[in-house]
Structure formats: C-alpha cells, structure tokens
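Participant: Below: one structure in structure tokens.
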Amino acid sequence: MEHGDRERLIFHIDVNSAFLSWECVYRLSHDPDALDLRTIPSAVGGDASMRHGIVLAKSPLARKYGVTTGEPLAQARRKCPNLTVVPSRFDFYIKCSRRMMELLEEYTPDHEKFSIDEIFLDMTETIHLFGDPLATASQIRERIKNELGFTVNIGISSNKLLAKMASDFEKPDRCHTLFPHEVPGKMWPLPIRELFFVGSAAQKKMEALGLHTIGQLAACDLELLKAHLGRSYAVLIHQYANGVDEDPVEERDPVNKAYGNSITLSRDISDHDNACQVLLSLCETVGARLRADHVLCSNVCVELRDWEFKNQSHQMTLAEPTDSTSVLYECSCRLLKDFWDMTPLRLMGVRAGKIADDSFSQISLFDDPGLLKKKEFEKTVDKIRNKYGIDSIKRASFLQKDSIVDHAASKKKHLNRQEDMDR
Ligand SMILES: [Mg+2]
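Here's what the structure looks like:
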C-alpha cells in the first residue's frame, strides 16, 4: 500500500457541553422526567464542602448571562440570579468519557485523547471498512447519541487542525468537513480569534497590523508576522491560517513527576474553558493515583509553559489534606485564574505536594484518640463518604494499571520521590 503522499483522514470528536450533558445523562437515567439542565440557565459547580465553589461547566443559556467557567459561584449567581447549580459527579463524567472512547476505538486503533471530552481519530487505515467519511462520522454521532445519551460534534479533514476547526462549526449534534480545498470558503472568512492557537494577546497584536480574518492572516507576509509575534509562533500560526498541520495523531505520553502530571499540548490552549478541561484530565489522574496509594496531599501546584517557552508555576496549601479530584481541580482552576494572563499555552501541569499517608494518620487516631478530637475524626469520615459515595469500591476501575499491579512499590516510590523533592 502506498503511504507517503496519500491524504490522511482525521476525525475530531468533541462532546457538546460535556459536563452538563453528562450530568443530564445521569439525572435522566435515574429519573426519566428529570429537568434537562441543557434547556435552562444552569451550571455544574465545584465541591460544596469548599467555602467558595466555582463554575466547572455552564449551559448555553447561562453563557448568555455572561457566566464563565472558573468563576466563583457567588459571582455567577449575581450575573444570573435564577442560575440552577448542581454539584459535580466526576466519577460518572469520567465513565461517560471512557464509554465514548471505547466506542470510538472500534473505528481505529490510531487515536489521540485530547481532553476528557475531545479525541482525534486517524481513520486513514480503516475508513475502507466503513465507507464514505461523512456517512461514517454521522453513524458515529448517531451511535453516541443513541447508545450513550449525549451529543457530539465531529470535524472531518486531512489534518488535526482542520478537523478541530470543523468540529467547532455549528453546534450541537453536527458533522462538518473542512478539507483543504474548503479552507478559502469555510475558514478564511472567520475572525482571527476563531483560529486555534490565537489567544487574546496574539489577537490584539494581529489586529494592530490590520489582520482581522483568518484569510488576511494566511495572506500576510511571514516576515512581518515574525517581527511582531516572534519567530516560532509566527511560523506556526501562518501555517495554521493556511490549513497546514503536519502533527500526527498519537497518544501523548504524560510526564509523571511524583504525584504530578503534565501534558505538552499538541494544540495551543488560549481560553479558560479549554484550559480548565485540560486541568481536569490532569487532576483526574493525579487524584486517582493519590486514592490508589491511599495518600493525601496538602499542596497543589499548577505549572504552565506558554508559546514563548516561558515557564511559571503557582501553588497553594490546602486547609485539609485531600485526594479528591474535584478539590484538586477546583484549586487548580483557581490558581490558573489567579496567574494566567491568557497567553497561549504549550504545556500544562498539575502537581500534588506535601504527601501524607492516609491510613497512617487514621491508625494513629485509633491508637491515640486523645491526639485529635473524636468529632473531627467523624467529620473526616463523613466527608470521605460524601465525596466518594457508598459505592466507592467502583473506584478500582479508575485506578491506573501500574498502581494496581504494583501498589506497594509505587506508593513507596512516590513517597520517596516526594521526599527527594522536598529536600
Ligand atoms: Mg466539548
């Protein structure tokens, strides 16, 4: 089979209003008459046990009131007094995400999970098994809707950039193509801000140069762009505007540092919603590993590398040690909101620090109940029950394989590494 010059076929699947949709799936599965949150101003809020919850996801109607992801719930309620806020249910959302990924794996082994609700499929080698690309994408979209109960947009093209741009066209529950020959008609008229990898800082600089549409950027002199935007970014963004993207579909290997996880982004992140989604997938793995090893952290650190390769990191100390994904996530979102100036990002990381053995501290409580008041202990137990629910045994399915196989060793390794870092 000839490979080299054959055009690739890439699908980008993106869940419509992911958390909110998944929350609806949960509610409707338990009560078929439940109110569909997607049809009212609503938001999925952060951990209620935290003093200041934040918005983790919002409905299209809430967005119309100016509600944004990552802002405090109190602020969101001021903007939208009739906002319905529901608590998050991460373990269920992760289940929905995994079910979708499993369904999609039936179509090709070549995929790249981009975030909890986005995935790229390289269909080049398998499309002949299914037929016409658009019909195949429609079949996938229908199957997800019928079998899993939520809707997706699917973008179809010959590279990841264009497939992702296409999935962002009219929503929800739609498939769109954006092949290279369609770029002048479908992509070039769009405002520059719509181009992936263009954050508000870059947008302002380009508008100052008189560039307002993606087409104008595509036609702009590269040397002029380099002078104003920096060399590597200018080259990349000019290629993107012309629909050029050579990046392969491949599973990224996250770099694990102690209880940390970071992702080199195959695409720029330049808006708060997407950044929070990346943080969530990072917090999910970090939280799952903490729980797998029965340890708690009392420090959370967010690391960012921007497109100019500048690194920064900020951290906060928690009032109480935790292994909860939603607490980690909420803290990470707050840190991000505090120090990120929306400069497009190349890498994001979350690190859990100040690790302590959970079972250890509980044993010591039994051994010497005088050390801590009984009341506080009960509160902790209640909190754990509230966080994990009665069926917390199910969490085993979220554990990483290596943690299950070599639980004791990995625990020791992580703790040692943590000590090394603290020294
Ligand atoms: Mg989405």
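Numbering-wise, this note's numbering comes out as the position in the sequence shown, counting from 1, plus 70. Where is the CB? At the ideal position from N, CA and C, for every residue including glycine.
If you follow the alpha helix (DSSP H) that L90 is in, where does it begin and where does it stop?
Facilitator: Working through the sequence shown from its first residue, we reach residue 90 at position 20. Element bounds for L90: A88 to H100.
Participant: Which runs of the alpha helix (DSSP H) spanning at least 4 residues fall entirely within the region 182-238, listed in chain order?
Facilitator: Segments of the alpha helix (DSSP H) lying fully in the region 182-238: 203-213 and 230-237.
Participant: Note the first and the last residue of the continuous alpha helix (DSSP H) segment covering M276.
Facilitator: Mapped onto the sequence shown, residue 276 falls at position 206. Unbroken alpha helix (DSSP H) run through M276: S270 to A278.
Participant: Checking 8 Å against the spacing of the C-beta atoms, do Y303 and W377 come in under that value?
Facilitator: As a working note, residue 303 is residue 233 in the sequence shown. As a working note, residue 377 is residue 307 in the sequence shown. Yes; because the gap between Cβ atoms is below 8 Å, this pair is in contact.
Participant: Between Y329 and V356, how many whole angstroms is the CB-CB distance? I'm expecting something under 8 Å.
Facilitator: Here residue 329 refers to the residue found at position 259 when the sequence shown is read from its first residue. Here residue 356 refers to the residue found at position 286 when the sequence shown is read from its first residue. The pair is a contact, with the Cβ atoms about 6 Å apart (cut-off 8 Å).
Participant: Residues around ligand 1, please: the condition is that the C-beta lies closer than 5 Å to some non-hydrogen atom of it.
Facilitator: Qualifying residues, in the order they occur: D84, V85, A88 and D187.
Participant: Taking only the alpha-carbon atoms, compute the straight-line gap between M412 and V268 and give it to the nearest angstrom.
Facilitator: Within the sequence shown, numbered from 1, the residue matching residue 412 stands at position 342. Within the sequence shown, numbered from 1, the residue matching residue 268 stands at position 198. Approximately 10 Å, taken between the alpha carbons.
Participant: Is the region 339-348 touching the region 263-282, taking contact as three or more C-beta pairs under 8 Å?
Facilitator: They touch, by the three-pair rule.
Participant: Give the secondary structure of Y177 by DSSP, where H, G and I count as helix, E and B as strand, and everything else as coil.
Facilitator: Along the sequence shown, read from residue 1 onward, the residue named residue 177 stands at position 107. Three-state DSSP puts Y177 in coil, outside helix and strand.
Participant: What are the complete beta strand (DSSP E) segments, minimum 3 residues, inside the region 279-343?
Facilitator: You should have 329-339.
Participant: Could you have a look at P151 and say whether DSSP puts it in helix, strand or coil?
Facilitator: The count along the sequence shown starts at 1 and reaches residue 151 at position 81. Three-state result, P151: coil.
Participant: Determine the burial state of T387: buried for a count of at least 16 other Cβ atoms within 10 Å of its Cβ, exposed for fewer.
Facilitator: By one-based count along the sequence shown, residue 387 stands at place 317. That one is exposed.
Participant: For K128, which residues does DSSP report across the bridge?
Facilitator: The residue labelled residue 128 in the question sits at position 58 within the sequence shown. For K128, which the question treats as bridged, DSSP gives the partners A113.
Participant: State the Cα-Cα distance for the pair Q382 and G201, rounded to the nearest angstrom.
Facilitator: Your numbering for residue 382 matches position 312 in the sequence shown. Your numbering for residue 201 matches position 131 in the sequence shown. Spanning the two alpha carbons is a distance of roughly 47 Å.
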